[in-house]
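For any residue, its number in my numbering is found by taking its place in the sequence shown, counting from 1, and adding 4.
Worksheet for the structure shown next.
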Amino acid sequence: MRSYSFTHAITRKPSASIVAGLRAVDTGAPDLGLMQRHHADYVAALRSTGATVVELDALEAFPDSVFVEDTALCLPEGAVVMRPGAPSRLGEAAEMAPHLRALYSDVERIAGAESFIEGGDILTTETEILVGRSARTNAAGIEELTRLVTPWGHRVREVFTPPGVLHFKTDCSLLDGETILSTARLAASGCFAGYRVILVAEGEEACANTIRFNDLVIMPAGFPKTRERLDQAGYQVAEIGNSECAKLDGGMSCLSLRFSPS
Ligand code: CIR
Numbered sequence: 005m006r007s008y009s010f011t012h013a014i015t016r017k018p019s020a021s022i023v024a025g026l027r028a029v030d031t032g033a034p035d036l037g038l039m040q041r042h043h044a045d046y047v048a049a050l051r052s053t054g055a056t057v058v059e060l061d062a063l064e065a066f067p068d069s070v071f072v073e074d075t076a077l078c079l080p081e082g083a084v085v086m087r088p089g090a091p092s093r094l095g096e097a098a099e100m101a102p103h104l105r106a107l108y109s110d111v112e113r114i115a116g117a118e119s120f121i122e123g124g125d126i127l128t129t130e131t132e133i134l135v136g137r138s139a140r141t142n143a144a145g146i147e148e149l150t151r152l153v154t155p156w157g158h159r160v161r162e163v164f165t166p167p168g169v170l171h172f173k174t175d176c177s178l179l180d181g182e183t184i185l186s187t188a189r190l191a192a193s194g195c196f197a198g199y200r201v202i203l204v205a206e207g208e209e210a211c212a213n214t215i216r217f218n219d220l221v222i223m224p225a226g227f228p229k230t231r232e233r234l235d236q237a238g239y240q241v242a243e244i245g246n247s248e249c250a251k252l253d254g255g256m257s258c259l260s261l262r263f264s265p266s
């Protein structure tokens, strides 16, 4: 199975408490109605590729719970429930676990009291799993993940999320088996040696968080220079409004768990 072919996705509707979501810089409260419209467009784009999308109900108790990606790593062989490094998000992982158990026979979890890891720091490619150490993901979390997925035949490589950047995938995305979309600042770290790298245009760093989902590259709307680069490279691109999630440092990958349970 290609690392960008998926039969399933899980999303969660945004809740009214989204206005209390975490953010590095306050640029104003997100508009729930607009976020709901963008979210519906996003789910429709996932479904348009033929995948089954499980849409979970909003969770008022967890303002950031629309960003489901951070709660789990889903691989063909099984799923691993994360241990988010943001204290307000720790409980979101337990909320996701039963939904994964409904689809997978093997669901593991990061359990160590000192282990922290969020899905946004994990990029799964055809050959390896890159995990960026960040303010949310620590060495103990990466070690525990490595112990869990090695028996499934996966190789984990620890990398570094640039300082001041929320997650590793805030700055990069997988476009196909060998191609990564990246900001120049992350690519400069050398972590993508051996891959073909397409850089996002200067000034358009906020669109590096894009996803390849089956035939589509789903990117945030409003980044024309990068869009042109992707068009020229031959990808089929869909743009989705992301103005409200962007106020909370969220993008296209954060809004879904994407997987094909075997
Ligand atoms: C947070 O700070 O945790 C949320 N406001 C944004 C999470 C974005 N998730 C992701 O990049 N995977």
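Yeah, the Cβ is synthetic: ideal placement off N, Cα and C, and Gly gets one too.
Keep in mind that this is a model prediction, so the values were computed, not measured.
In this structure, Asp110 is the residue among Asp110, Glu148, Ala33 and Val58 with its C-alpha nearest to the C-alpha of proline 80. Annotated three-state conformation of serine 186 is strand, per DSSP. Where histidine 12 is concerned, there is no enclosing alpha helix (DSSP H), although the beta strand (DSSP E) around it starts and stops at 12-16. Here valine 84 is near glutamate 112, since their CB atoms are less than 8 Å apart. Not one heavy atom of ligand 1 is found less than 7 Å from the C-beta of glutamate 248.
If you check the C-beta of lysine 17 against ligand 1, you find no heavy atom less than 7 Å away. For threonine 214, the shortest C-beta to heavy atom distance toward ligand 1 is 7 Å or greater. Looking at the backbone, the Cα of tyrosine 46 and that of valine 70 are separated by about 12 Å.
Cβ contact annotation for threonine 31 (same chain, cutoff 7 Å, sequence separation greater than five): Lys251, in chain order. The shortest CA-to-CA distance from proline 67 to any of Phe227, Ser7, Ala101 and Ala20 is the one to Ala20. In this structure, phenylalanine 71 has its CB closer than 7 Å to one or more heavy atoms of ligand 1.
With a 10 Å radius around the Cβ and a threshold of 16 neighbouring Cβ atoms, lysine 173 comes out buried.
Annotation: arginine 161 is outside any alpha helix (DSSP H); the continuous beta strand (DSSP E) that includes it extends over 160-164.
By the Cβ-count criterion, valine 153 is buried, with 16 or more other Cβ atoms from all chains shown falling within 10 Å of its own Cβ. Distances from the CB of aspartate 45 to the heavy atoms of ligand 1 are all 7 Å or more.
For a cut-off of 8 Å, the C-beta gap from methionine 86 to glycine 123 is around 6 Å, short enough to register as a contact. Taking C-beta atoms as the reference points, aspartate 180 and leucine 190 fail to come closer than 8 Å. Looking at the DSSP output, cysteine 78 bridges to Ala83. Under the three-state reduction of DSSP, threonine 230 is assigned to helix.
DSSP, read as helix, strand or coil, puts glutamate 209 in helix. For serine 177, the uninterrupted beta strand (DSSP E) run begins and ends at 176-178, by DSSP.
Arginine 137 has its CB no nearer than 7 Å to any heavy atom of ligand 1.
When Ala28, Met39, Arg16 and Phe120 are compared, the shortest CA-CA separation from proline 224 is found for Met39. Distances between the C-beta of arginine 87 and the heavy atoms of ligand 1 are all 7 Å or more.
Relative to valine 160, the option among Asn142, Glu132, Ser260 and Thr183 whose CA is nearest is Glu132. Distances from the CA of glutamate 209 to each of Pro88, Leu94, Phe227 and Pro265 were compared; the closest alpha carbon is that of Phe227.
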